[in-house]
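Which chain is which? The protein sequence lines are A and B, in order. Note that my numbering gives residue 4 to position 8 of the first sequence, counting from 1, and the numbers run on in steps of one. Note that my numbering gives residue 355 to position 95 of the second sequence, counting from 1, and the numbers run on in steps of one. Heads up, the beta-carbon is just placed ideally off N, CA and C, and yes, glycines get one too. Note that this is a predicted model, so its numbers are computed, not measured. One structure is given below, encoded as structure tokens.
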Amino acid sequence: MRQSSTLVLTIALTLLAAIMLAIVPLPDWSRAFRPEWVLLVLIYWSMALPAMVGVGVAWSVGLLMDVMEGSLIGQHALGFAVTVYVVLHLYQRIRAFPLAQQAAAVTLLLIPYMSVSLWVLGMSGHSPGAWRYWAPLLTSALVWPVVFPVLRSLRRRATRF
Amino acid sequence: MLIAYPIQYLVDLPSSAGHWASDKLGTHASLIAEIERLREEHLQLKTRLLTYESLEGENARLRGLLASAERFREHRILVAELLSIDMDPFRQKVVINKGETQGVYEGQPILDANGVMGQVTDVDPVSATAILISDPSHAIPVQINRNGVRTLAVGTGQADRLVLPHIPANTDILAGDVASTSGLGGLYPSDYPVAEITEVKRLPGEPFARVSARPLARLDRAREVLLVWWDLDPGGDIAPEGDSHSGAGTEERERAGTPGITSETMAVRTGPLRPADRPEETGR
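The following block contains the structure:
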């Protein structure tokens, strides 16, 4: 019981940190390259603890992100839920990948999320209309080798208690 | 949203703390220089205000001669600060640190020192979200200062560009013209500068000119914005509910005489200068 409450706290805090990273102001030129921090953290937790973090958590966090960023309600929620759903099907395979291959897998996992966002943006008349829209695919894969070990060590520390 | 604000506040904290610290720890010399500069600017503005006041008087007299119902109105203004957080990069939105408790209402115009910035879309207890005039889903009714041509300025998603899509190719419009709010649509007060026309392309074979403009407000750089309480036309039926106002907002409303119809307000209602009292609402 005690162990799981530490774990829940760890998950919540890492998600909070990711949300904060997602809205920290960046210089204009680099805004388009911001990695999808929240989704990376969600992917990690749903991969490591599929029983605790699933589509429901992804959906709720997505709604919070929508409110945070002022995007159309449900845009992030839908994208996150779809991605986590895919992760829940593939987590056993992705877990076994070496880090570099995992990063490549993360890139692929981000594609449905980015496509959903693109559709929603296009339908609400905010079409990005530049290849730069896809830049987070690359930057997210680049930060994954850092995100993964950090989150893993946090998880191990949380489960040891 | 109420849940979002603490997190947004937390993210904003380092930057506002930085501003606070640079104010507190500024050297004596730089503070004196700043005061000097502000004093000079204050003097200049005051001088300009003198002429403005005499012009206002003259304007009122002339309008009196023409028996026109329009008159100058003072607007109540409140300074708000932007939270330095990044919103959705494909929408032009900002969060300000004033909300319902300060009487901010939905649809309220926000300005900076140079021009119109946008309007409030969501109001929370202590913060509010506003859409900028450069958002692709925002349009603002404007008129060209030089000749009074009325049109709409629509956002493009870039902070430095608006487009005016509904200008027939033979309309008299030139690069360098300044477009101000026309006051039609009922959301923005009239005669605030919005944008400067930068480019007019007239393509043979196209019925409309391609007109681009640059917003005069510093949409991507401003840190302080002005919230404006302005009186809609007295008797205007879409006037924001009085209860969302507090303090000076209500007393200003009462001064304008929303409940009691005076002869003046009747004149506005039937006045010849405002044929289109309230066309469609824009910018939602």
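key: Span separating the alpha-carbon of residue 142 of chain A from that of residue 30 of chain A   = 15 Å
message = Please list, in chain order, the chain A residues whose beta carbon lies closer than 8 Å to that of residue 275 of chain B.
response = 21
ask   = Under three-state DSSP, which class holds residue 383 of chain B?
value = strand
ask   = Which residue's Cα is closest to the Cα of residue 370 of chain B: B:319, B:341, B:295?
value = B:341
ask   = Do residue 588 of chain B and residue 379 of chain B have their C-beta atoms within less than 8 Å of each other?
value = Residue 588 of chain B lies beyond the range of chain B shown here (261 to 544); nothing can be said about it.
task = Look at residue 402 of chain B and residue 433 of chain B and say whether their C-beta atoms are less than 8 Å apart.
result = no
ask   = Is there contact here, the segment 299 to 319 of chain B with the segment 40 to 57 of chain A, by at least three beta-carbon pairs under 8 Å?
value = no
DSSP three-state assignment for residue 404 of chain B, whether helix, strand or coil = strand
task = Below 6 Å CB to CB, which residues in the same chain sit around residue 509 of chain B once its five sequence neighbours on both sides are set aside?
result = Note on residue 509 of chain B: pLDDT 41, under 50, position unreliable in the model; no value is reported.
query = Which word fits residue 306 of chain B, buried or exposed, when buried means at least 16 other C-beta atoms lie within 10 angstroms of its C-beta?
reply = exposed
query = the segment 417 to 432 of chain B: which residues have C-beta closer than 8 Å to a C-beta of chain A, in chain order?
reply = 417
ask   = Counting pairs of beta carbons, one from the segment 421 to 432 of chain B and one from the segment 453 to 470 of chain B, are three or more of them closer than 8 Å?
value = yes
key: Those residues which DSSP pairs with residue 300 of chain B across a bridge   = DSSP output for residue 300 of chain B lists no bridge partner at all.
task = Report the neighbours of residue 107 of chain A on chain B: residues whose CB is nearer than 8 Å to its CB, in chain order.
result = What residue 107 of chain A touches in chain B: nothing, since even the nearest Cβ is about 18 Å away.
Host beta strand (DSSP E) of residue 415 of chain B (start-end) = 410 to 415
task = Would you please verify whether the beta carbon of residue 442 of chain B is less than 8 Å from any beta carbon of chain A?
result = no
message = Just checking: is the beta-carbon of residue 292 of chain B within a distance shorter than 8 Å of some beta-carbon in chain A?
response = no
key: Residues within the segment 336 to 353 of chain B neighbouring chain A, beta-carbon criterion of under 8 Å   = 344, 345, 346, 347, 348, 349, 350, 351, 353
request  = Tell me, to the nearest whole angstrom, how far the beta carbon of residue 98 of chain A is from that of residue 90 of chain A; I am working on the premise that it is less than 8 Å.
outcome  = 6 Å
ask   = Mind pulling the chain A residues with CB within less than 8 Å of residue 397 of chain B?
value = 120, 121, 122
inquiry  = Within the continuous alpha helix (DSSP H) that includes residue 84 of chain A, where are the two ends?
reply    = 71 to 92
task = Assign residue 144 of chain A to buried or exposed, taking buried as 16 or more other Cβ atoms, counted over all protein chains shown, within 10 Å of its Cβ.
result = buried
ask   = What does DSSP give as the partner residues of residue 378 of chain B in its beta bridges?
value = B:370, B:392
ask   = Name the chain A residues that come within less than 8 Å of residue 263 of chain B, Cβ to Cβ?
value = 60, 63
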